[in-house]
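Heads up, the thing below is written out as structure tokens.
If you want it as structure tokens, here you go:
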């Protein structure tokens, strides 16, 4: 979701890529709630984080505790920020309750990406 928001809010100013400690399949809940916000992330792929991705990046954002704890050391000069978000894919309950968790996470990610984009534009 963060990659989708970065692309939508920053346009060509920022080249966003996402990767994880582990690659996972596409998440239907994330795709659905982002579509509600007018952003299509259905073509984004879950990829495994590789060292050359960190070499490429100027800024790295981790979005859950697991990633922050296991993220490789970023190269000197690369800025890193951690956003301690709960993984909505782990939500339990009714379909409505689970989707509410996805929406809350989507909205929090939007707020954080918007703030980051504004800070980087200064």
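In our numbering, the protein residues as written are 21 to 142. We put the CB at the ideal spot given by N, CA and C, even for glycine.
DSSP bridge partner residues for residue i (one or two, in chain order)
{"i": "residue 44", "result": "The partner list for residue 44 (beta bridge, DSSP) is empty, contrary to what the question assumes."}
{"i": "residue 100", "result": "80"}
{"i": "residue 68", "result": "40"}
Other residues of its chain near residue i: CB distance less than 6 Å, five sequence neighbours each side excluded
{"i": "residue 79", "result": "99"}
{"i": "residue 108", "result": "121, 122, 125"}
{"i": "residue 130", "result": "25"}
{"i": "residue 111", "result": "118, 121"}
Pick from the options that is closest to residue i, judged by C-alpha positions
{"i": "residue 103", "options": "47, 128, 76, 66", "result": "128"}
{"i": "residue 28", "options": "63, 59, 113, 37", "result": "59"}
{"i": "residue 75", "options": "62, 93, 63, 142", "result": "93"}
Contacting residues, own chain, Cβ-Cβ under 7 Å from residue i (five flanking each side not counted)
{"i": "residue 83", "result": "22, 103, 105"}
{"i": "residue 51", "result": "61, 62"}
Residues near residue i by beta carbon distance below 8 Å, same chain, minus five either side
{"i": "residue 45", "result": "66"}
Under 7 Å between C-beta atoms of residue i and residue j
{"i": "residue 69", "j": "residue 39", "result": "yes"}
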